[in-house]
Amino acid sequence: MSFSTGFLVKEPGMLSLIQDAGRFGSFNIGLTNGGPIDLQAFQWANRLCANELNATAIEISIGGLALIAQVDTTIAVTGANMSLSINHTNKDLWRSYAIKAGDLIELGFASEGIRSYLAVAGGFTIKESFGSTATVCREGVGGLVGDKLKKDNILPCASQRRKTNLVLPEQFRPRYCNDVVLRTVPSYQQKNFSSFQQRLFYSSDYTVSKSFDRMGYRLTGKKITGDIEGILSEGICQGAIQIPADGQPIVLLNDRQTIGGYPKIGAVISIDIAKLGQLKQGDKVRFEPISMEQAHNCFHLDLSYFNRKKLNVCD
Amino acid sequence: MLKEQGLSMPTISIAGENALIIYFSDEVSDDTSAKIKQVEQLIRQAMKVDLSDDIVDLIPSYASMLVVFNILHTDHHKIRNKLRALLRRLDDNSATDSDVEQSSIIELPVYYSEESGPDLTVIAQRNKLSVEQVIEIHQAKDYHVYAIGFAPGFAYLGEVDERIASPRLSTPRNKVPKGAVAIADKQTAVYPNTSPGGWNIVGLCPVDMFDVTATPIMPIKVGDKVRFKSIDKNEFLSLGGELPEGFGKLS
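Protein chains in written order, with our numbering: chain A, 31 to 345; chain B, 26 to 276.
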């Protein structure tokens with residue numbers, strides 16, 4: 031008889047979720063994609079552990095996760111600047127560390143950004159649901175049992191320590207701030223918003239309200255009015271910006287519903303969704319319209335930059 | 026058919042960085058629903074051949090279809106052209122019956138009663154009908170599966186006869202049981218799992234609407250038709266249905 035070993039959850043923190051790159055191919059039966067809100071920080075964590083980019087890791091929102099290792103392995107933490115300690119000694123983010131069975135890994139609370147990623151060599155070995163391990167709590171799908179991590183959960187992984195530790199040089203690390211420009215492709219019902227309303231939308235500052243989660247970010251600011259209040263429910267893509275009757279935009283993220291009936295003025299591009307998802311109540315955003323071609327250009331330049339950045343070996 | 030509605034339909038619009046949306050019509054109709062089902066099938070066939078790396082997912086709905094593509098492999102110009110070519114195949118009727126599977130009619134058994142459908146009485150009273158008439162009207166027609174969303178496996182079926190159409194409850198229930206057959210305005214649905222909900226419950230269906238161990242996972246898909254068939258309590262229980270404790274008394 032064998033028990034799975036890996037990491038024991040000593041403290042689950044505010045919201046810690048098992049995530050891979052997301053669940054695709056099941057939108058038609060109502061399953062959303064889930065996956066890491068800050069895809070790039072997630073991918074860095076995996077690169078630092080010499081993993082495949084979509085290996086299963088943990089997304090920690092706000093902070094407070096504590097794990098006890100049961101195996102010898104390698105870990106890395108990236109993303110928001112939560113303090114990391116191993117056996118009560120402070121450690122840097124954006125680099126990998128060798129871990130022995132019995133080590134205590136603790137994360138504090140973030141002051142810049144709100145989501146961090148903890149990856150382990152080889153990834154956590156979680157059974158896939160619908161082709162993915164991504165946890166979507168609202169659907170009860172993915173992760174260990176379709177829910178956030180709880181005290182005493184065991185997160186299985188192989189015992190495989192990397193020979194070398196890696197670090198992302200400081201100049202390449204993203205900076206998380208509380209003021210973000212969200213580049214947006216005008217789309218969907220944009221024609222139902224007059225050119226005046228569109229100019230108002232793209233020239234006003236919006237503030238993140240208290241309602242922000244993995245489903246969406248509700249913003250407050252200048253009221254935007256269209257000439258329709260509702261539409262026949264239709265498929266919603268990642269980053270879509272709904273304008274409900276109160277005129278306050280909602281940007282829809284990874285755990286959004288797959289269909290909905292509010293008018294949408296556009297959709298935020300994926301690399302800026304990652305920045306939005308690091309914001310919290312009171313932070314500011316502004317929308318900037320760009321063409322589909324510019325959006326693709328941004329995506330591919332960003333990807334090229336990500337691939338060109340080299341990790342250094344460290345002790 | 027679509028030409029009669031004006032040259033502009035169907036249109037292909039931008040949804041987001043990696044998604045286009047095809048609009049088939051401005052309104053819900055059986056024709057539109059059938060067309061969307063056909064186009065979905067054509068795209069899924071193409072996804073097995075030349076679009077396999079290009080299209081990630083599809084969301085068919087009432088009068089539209091969202092097409093999510095892989096921005097690493099393709100761009101919106103290429104996907105647009107492919108979609109236009111597929112739409113033309115339907116328009117000039119070169120898509121034959123062998124390309125397009127006909128709509129299936131799926132019969133779903135329902136135990137309608139006051140103990141399994143706590144809102145039957147209210148619907149009956151509001152519309153000056155007997156409970157028996159409400160049940161009769163609900164199962165008298167075949168419903169189109171217009172969209173799946175809201176929750177995994179939740180299918181929007183329509184349209185319900187005006188005489189039993191009912192607004193959502195002013196206060197949603199915290200717990201609607203799995204299998205609840207319910208009405209909201211002119212839509213009806215079977216709750217695939219226990220969840221909060223504000224629809225009016227008229228009965229319980231013992232068939233699993235979202236079974237991850239079954240193939241297919243859902244007994245219905247967008248574009249199918251659903252017919253409800255009344256069963257009695259014994260049949261309901263023998264088909265594996267369960268009556269939630271004290272459910273009929275819930276308000």
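The beta carbon of each residue, even a glycine, is placed where N, CA and C say it ideally should be.
| Item | Value |
| --- | --- |
| If you compare alpha carbons, which of A:S234, A:D313, A:G132 is closest to A:I144? | A:D313 |
| A:C167 by DSSP, collapsed to three states: which one? | coil |
| If you reduce the DSSP assignment to three classes, tell me which class B:A110 lands in. | helix |
| If you measure from the CB of A:N327, is any heavy atom of the ligand NAP nearer than 8 angstroms? | With respect to the ligand NAP, the structure shown offers nothing to examine, as it has no ligands at all. |
| By DSSP, does B:K60 sit in helix, in strand, or in coil? | helix |
| Whose Cβ in chain A lies nearer than 9 angstroms to the Cβ of B:V247? | N58 |
| Taking just the CA atoms, how far does A:K40 sit from B:K203? | 34 angstroms |
| I need the DSSP call for B:T146, collapsed to helix, strand or coil. | helix |
| Please list, in chain order, the chain A residues whose beta carbon lies closer than 7 angstroms to that of B:I173. | N58, I59, G60 |
| For my contact list, A:I129 and A:T103 are in at a C-beta cut-off of 8 angstroms; report their separation, rounded to the angstrom. | 5 angstroms |
| Flag A:L333 as yes if its beta-carbon sits less than 9 angstroms from any beta-carbon of chain B, otherwise no. | yes |
| Is any beta-carbon of chain A found at less than 9 angstroms from that of B:Q30? | With a pLDDT of only 44 at B:Q30, under 50, the local geometry of the prediction cannot be trusted, and the value read off the model is given with reservation. No, because no Cβ of chain A sits closer than 9 angstroms to the Cβ of B:Q30. |
| Between B:V53 and the rest of its own chain, which residues show a CB-CB distance below 8 angstroms, the 5 nearest in sequence each way excluded? | Y87, A88, Y171, G183, E184 |
| Taking DSSP as the reference, what is the three-state secondary structure of B:C230? | coil |
| Using a threshold of 9 angstroms, state whether the C-beta atoms of A:H326 and B:E42 are closer than that. | yes |
| Would A:S224 pass as an interface residue toward chain B - the criterion being a Cβ-Cβ separation below 9 angstroms? | no |
| Along chain B, in chain order, which residues have C-beta atoms closer than 7 angstroms to that of A:S300? | E42 |
| Nearest CA to the CA of B:P197: which residue from B:D186, B:K211, B:G174, B:I226? | B:I226 |
| Please list the partners that A:M245 has in chain B, where partner means a Cβ-to-Cβ separation under 8 angstroms. | What A:M245 touches in chain B: nothing, since even the nearest Cβ is about 13 angstroms away. |
| Counting only Cβ pairs nearer than 8 angstroms, list the residues of chain B close to A:S263. | S86, Y87, A172, G174, Y181 |
| Would DSSP call B:E184 helix, strand or coil? | coil |
| According to DSSP, B:E132 sits in a beta bridge with which residue or residues? | B:R252 |
| For the alpha helix (DSSP H) containing B:Y216, list its first residue and its last residue. | Per DSSP, B:Y216 belongs to no alpha helix (DSSP H) and is neither H nor E. |
| What residues in its chain sit with their C-beta under 7 angstroms from that of B:L32, if we drop five residues either side in the sequence? | Per-residue confidence for B:L32 stands at a pLDDT of 49, beneath the threshold of 50, marking its modelled position as unreliable; the derived number appears in the next sentence. Here the set comprises nothing. |
| Could you tell me the distance, in whole angstroms, from the CA atom of A:V315 to the CA atom of B:I208? | 40 angstroms |
| Check whether chain B comes within 9 angstroms of A:Q287, counting only Cβ atoms and requiring the distance to be less than that. | yes |
| Hey, A:G290 and A:E259: beta-carbon distance below 9 angstroms or not? | no |
| Is DSSP giving A:L179 helix, strand or coil here? | coil |
| Which word fits A:M322, buried or exposed, when buried means at least 16 other C-beta atoms lie within 10 angstroms of its C-beta? | buried |
| Taking A:Q308 and A:Y232 to be in contact with their CB atoms under 8 angstroms, please state how far apart those CB atoms are, rounded to whole angstroms. | So it is not a contact: roughly 22 angstroms between Cβ atoms. |
| If we require 4 or more residues per run, which alpha helix (DSSP H) segments fall completely within the region 85-128 of chain A? | none |
| In the DSSP assignment, what residue or residues form a beta bridge with B:P244? | B:P244 is not bridged to any residue. |
| Would you identify the three-state DSSP class for A:Y218, choosing helix, strand or coil? | coil |
| Drop a sphere of 10 angstroms on the beta-carbon of A:V238, count the other beta-carbons inside from all chains shown, and report buried for 16 or more, exposed for fewer. | buried |
| Quick check on the burial criterion: 16 or more other C-beta atoms within 10 angstroms. Buried or exposed for B:I130? | exposed |
| In this structure, does DSSP put A:R191 in helix, strand or coil? | coil |
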